[in-house]
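*Asks:* Have a look at this one before I ask anything.
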Amino acid sequence: MLDPKLIRESPDLVRAAIAKKHLSVDLEAVLSADAAWRALLQDVERLRGLQKAANTAMATLPKGSPEFLAKLAEMKAVAAQVKERDAGLKAAEEACREAMLTLPNLPHASVPEGRTPEENVVFSSHGDPASAGPSAVAHWDIPGFSRLFDFERGSKVTGAGFPFFIGEGARLVRALINFFLEEDARAGYVEVSPPIFVNAASATATGQLPDKEGQMYETTPDRLFAVPTAEVPLTNFFREEILEESALPVRRCAYTPCFRREAGSYGKDVRGLNRLHQFDKVELLKWVHPSSSYDELDRLRDDVEGLLRKLGLPYRVLLMCGGDLGFAQSKKYDLEVWAAGQKRWLEVSSCSNFEAFQARRAQIRYRSKETGRAELLHTLNGSGLAVPRVLAAILENNLEPDGRVRIPEALVPHFGKSHLSFG
RNA sequence: GGAGGGAUGGCCGAGUGGCUUAAGGCGCAGGUUUGCUAAACCUGUUAACCAGAAAUGGUUACGGGGGUUCGAAUCCCCCUCCCUCCGCCA
């Protein structure tokens, strides 16, 4: 959420942010909810002040004395008033908080204007999409594909979008996870293996609840949520904590399976490995000093790009425009890898700076050396990387005439051989 | 899953209805003393929110939530977490 003081004192900034993100949010309703809450607060605090003063007086009066009894009668009336208005105050506070949660994070000045994904800016391009040749095929059309990636049995056992990975298919998944983790560790991210179920408080702090509840798998009767990304348990690691400034920046990476219901998806988006309900991903997280978060965003993007460069896959970096930025992000880059057979770009990473938006909601702070006070820090995250789509791109770009797939050199030590075959 | 014990400030730890933001100690900051260091002594040392240009004032907070009461760290109810023992288990 945004700083309530900012909303109150600079509503124009918030209004501009809403416009740049092309959202329709009723800022006036937020402002009036806030004003109503503050008016009630002052009223209740005045009454509490009366109670407190009376309490001090009554402590020294002899019990049963006329003065004591007079005070007591007087305070009974005040107590009734407090009780009544306190209920209203709580409701107003809740309403105010809920209203404020509807306000999006402010986009950074460097975020381009735009409404739709088409207006995202191509920030950079790497490698030659044409190198695989015009005869490249979609990965699901590669002869023997279903022997290594068994969607039918996955559907039988669990449901659509939960394939089995078999033999060299499974091995390639494991090689990619291993490669990502080792490269990320080399870049300074400490590996973490987090819980893959989180409670409602955690899902709320990172914004999955209450709005995106339908996107998560939920367990009964414990009401735990299967993580849609390792971002959720990782970000919550420091929830409601105060870090030492000298500990910043904290950089971590985690491999987890990710679970997404993907309600409403359809068509070629969901074919093959493009979009699964369960998939493997390595996520990168940073907790940084506010003054360095944009430098850290550049470094994060560069770290993730390094993975794609080493894999030798053609990719491009998009700078997201205001309309495609997302609710909580201040600035976001999407990394897309070229799928030569499908002749389309697949998003394999999203690198975002949330500034203090997540940190305020999750109450993650650092102790400022300068002021001695606890200040909100900035959080960033990015995938490094999503496995199935990278795998799909390898299959489509590296398919050789003999029907085998060349394994990128950087991956060979992890995979154990130079080619994957479907036979 | 069963039985019991616990949760107080940065830390340890008192406190069983009122003048308690909370004794005492440790730690930390400033000061005095002092060839230097150490010690000793003195003073200070929570956070959030609201109002205010500011100085400052006010309210809240003793794991979380609800209740009793004029008044709750203290009494009652529910929940969470931690510890010990038993059971089960990769």
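In my numbering, the protein residues as written are 267 to 689. Don't be surprised by glycine CBs; every beta carbon is placed ideally from N, CA and C. All values reported here derive from a predicted model rather than from experimental measurement.
1. Where does Val536 fall in DSSP's three states?
2. Would you decide whether Gly638 is buried or exposed? Buried here means 16 or more other CB atoms lie within 10 Å of its CB.
3. So, for Leu307: in the same chain, excluding its five sequence neighbours on each side, which residues have a beta-carbon less than 7 Å away from its beta-carbon?
4. For Arg505, which residues from the same chain have a beta carbon less than 6 Å from its beta carbon, with the 5 sequence-adjacent residues on both sides left out?
5. Would Ser421 be called buried (16 or more neighbouring beta carbons within 10 Å of its own) or exposed?
6. Buried or exposed: which applies to Ala569, given that a residue is buried once 16 or more other Cβ atoms fall within 10 Å of its Cβ?
7. Report the CB separation of Tyr455 from Cys519 in whole angstroms; it is logged as a contact under 8 Å.
8. Output the residue ranges of the alpha helix (DSSP H) runs that lie fully inside the region 613-671 and measure 4 residues or longer, sorted by chain position.
9. Kindly indicate which three-state DSSP category Pro523 falls into: helix, strand or coil?
10. Terminal residues of the continuous beta strand (DSSP E) containing His392?
11. State the Cα-Cα distance for the pair Trp303 and Cys362, rounded to the nearest angstrom.
12. Tell me, please, which residues DSSP counts as bridged to Trp553.
13. Starting from Phe463, follow its DSSP beta bridges and name the residues at the other end.
14. So, with DSSP's three-state summary, where would you put Leu327?
15. What three-state label does DSSP hand Asp546 in the structure shown?
16. Assuming Tyr599 and Phe389 are in contact, meaning their beta carbons sit under 8 Å apart, how far apart are those beta carbons, in whole angstroms?
17. If you drop the 5 nearest sequence neighbours on each side, which residues of the same chain put their C-beta closer than 7 Å to that of Trp406?
18. Cβ atoms of Val583 and Arg567: under 9 Å apart, would you say?
19. How many angstroms separate the CA atom of Ala346 from the CA atom of Arg274?
20. Would you list the one or two residues that DSSP bridges to Tyr599?
21. Look at the alpha carbon of Leu514 and the alpha carbon of Asp450, and state the distance between them as a whole number of angstroms.
22. How is the beta strand (DSSP E) around Val456 delimited, first residue to last?
23. Return the chain-ordered list of same chain residues with a C-beta closer than 8 Å to the C-beta of Ala320, the five sequence neighbours on each side being excluded.
24. Counting only the same chain and skipping the five closest in sequence on each side, list residues whose C-beta sits under 8 Å from that of Gly572.
25. Beta carbon of Val603, beta carbon of Leu579: below 9 Å?
26. Can you tell me which residues form a DSSP beta bridge with His685?
27. For Leu268, which three-state DSSP category applies?
28. Out of Leu642, Phe593, Leu490 and Glu385, point me to the one whose CA is closest to Asp477's CA.
29. Just curious, the beta strand (DSSP E) that Ile508 is in, first and last residue?
30. Taking all protein chains shown into account, do 16 or more other C-beta atoms lie within 10 angstroms of the C-beta of Ser615, making it buried, or fewer, making it exposed?
31. Of the choices Phe463, Leu438 and Cys587, whose alpha-carbon is the least far from that of Ile673?
32. May I ask you to report which of helix, strand or coil DSSP gives Arg610?
33. Just curious, the alpha helix (DSSP H) that Arg437 is in, first and last residue?
*Replies:* For this structure:
1. As a working note, residue 536 is residue 270 in the first sequence. Here Val536 carries a helix assignment [DSSP, helix/strand/coil].
2. As a working mapping, residue 638 is identified with position 372 in the first sequence. So Gly638 counts as exposed.
3. The count along the first sequence starts at 1 and reaches residue 307 at position 41. The answer, listed in chain order, is Leu355.
4. Reading the first sequence from its first residue, position 239 is the one you call residue 505. So the qualifying residues of the chain are Ala471 and Ala628.
5. Locating residue 421 in the first sequence gives position 155, counting from the first residue. Exposed, since its Cβ has fewer than 16 Cβ neighbours within 10 Å.
6. Start at 1 with the first residue of the first sequence, and residue 569 comes out as number 303. Position check: residue 569 holds Asp in this sequence, whereas Ala was assumed. Buried.
7. To locate residue 455, count along the first sequence from 1; it is residue 189. To locate residue 519, count along the first sequence from 1; it is residue 253. Contact holds; Cβ gap of about 4 Å.
8. Entirely contained in the region 613-671, the alpha helix (DSSP H) runs reaching 4 residues are, in chain order, 623-628 and 653-663.
9. By 1-based counting over the first sequence, the position of residue 523 is 257. In the three-state scheme derived from DSSP, where H, G and I count as helix and E and B as strand, Pro523 is classed as strand.
10. Here residue 392 refers to the residue found at position 126 of the first sequence. Note, His392: beta strand (DSSP E), Val387 to His392.
11. Against the first sequence, residue 303 aligns to sequence position 37. Against the first sequence, residue 362 aligns to sequence position 96. If you draw a straight line from the Cα of Trp303 to the Cα of Cys362, it is about 7 Å long.
12. As a first step, residue 553 must be located in the first sequence, where it is residue number 287. Trp553 pairs with Val516 and Thr645.
13. For the purposes of this step, residue 463 is taken as residue 197 along the first sequence, with counting starting at 1. DSSP lists Ala492 as partners of Phe463.
14. Mapped onto the first sequence, residue 327 falls at position 61. For Leu327, the three-state secondary structure derived from DSSP is coil.
15. Start at 1 with the first residue of the first sequence, and residue 546 comes out as number 280. In the three-state reduction of the DSSP assignment, Asp546 falls in the strand class.
16. Counting from one through the first sequence, the residue named residue 599 turns up at place 333. Counting from one through the first sequence, the residue named residue 389 turns up at place 123. Separation of the CB atoms of Tyr599 and Phe389 is rounded to 6 Å, and the pair is thereby assigned contact status at 8 Å.
17. On the first sequence, position 140 is the one that residue 406 refers to. Excluding sequence neighbours, Trp406 sits near Arg537 and Gly538.
18. Here the question's residue 567 lines up with position 301 in the first sequence. Here the question's residue 583 lines up with position 317 in the first sequence. It is a contact, given that the beta carbons lie within the stated cut-off.
19. Taking the first sequence and counting its residues from 1, the one referred to as residue 346 is at position 80. Taking the first sequence and counting its residues from 1, the one referred to as residue 274 is at position 8. Looking at the two C-alpha atoms, the distance is approximately 32 Å.
20. Start at 1 with the first residue of the first sequence, and residue 599 comes out as number 333. For Tyr599, the beta-bridge partners assigned by DSSP are Leu585 and Cys617.
21. In the first sequence, residue 514 corresponds to position 248, counting from 1. In the first sequence, residue 450 corresponds to position 184, counting from 1. Cα-Cα distance, rounded: 18 Å.
22. As a working note, residue 456 is residue 190 in the first sequence. Val456: member of the beta strand (DSSP E) spanning Val456 to Val458, first to last residue.
23. Position 54 of the first sequence, counted from the first residue, corresponds to residue 320. Within the same chain, Ala320 has close Cβ partners Lys337, Glu340, Met341 and Val344.
24. Taking the first residue of the first sequence as 1, we reach residue 572 at position 306. The beta carbon of Gly572 is closer than 8 Å to those of Glu449 and Ala453 in its chain, skipping five residues each way along the sequence.
25. For the purposes of this step, residue 603 is taken as residue 337 along the first sequence, with counting starting at 1. For the purposes of this step, residue 579 is taken as residue 313 along the first sequence, with counting starting at 1. Yes, these two residues count as a Cβ contact at 9 Å.
26. Residue numbering aside, residue 685 sits at position 419 when the first sequence is read from its first letter. Per the DSSP secondary-structure output, His685 pairs in a beta bridge with Arg672.
27. Counting from one through the first sequence, the residue named residue 268 turns up at place 2. Three-state result, Leu268: coil.
28. Working through the first sequence from its first residue, we reach residue 477 at position 211. That would be Phe593, whose Cα lies nearest to the Cα of Asp477.
29. Taking the first residue of the first sequence as position 1, residue 508 is located at position 242. From DSSP, the beta strand (DSSP E) with Ile508 extends over Glu507 to Glu510.
30. The residue labelled residue 615 in the question sits at position 349 within the first sequence. Answer is buried; the Cβ neighbour count reaches 16.
31. The residue given as residue 673 occupies position 407 in the first sequence. Relative to the Cα of Ile673, the nearest Cα in the group Phe463, Leu438 and Cys587 belongs to Leu438.
32. As a first step, residue 610 must be located in the first sequence, where it is residue number 344. The answer is strand: DSSP assigns Arg610 an E or B state.
33. Translated into the one-based positions of the first sequence, residue 437 becomes position 171. For Arg437, the enclosing alpha helix (DSSP H) begins and ends at Glu434 to Arg452.
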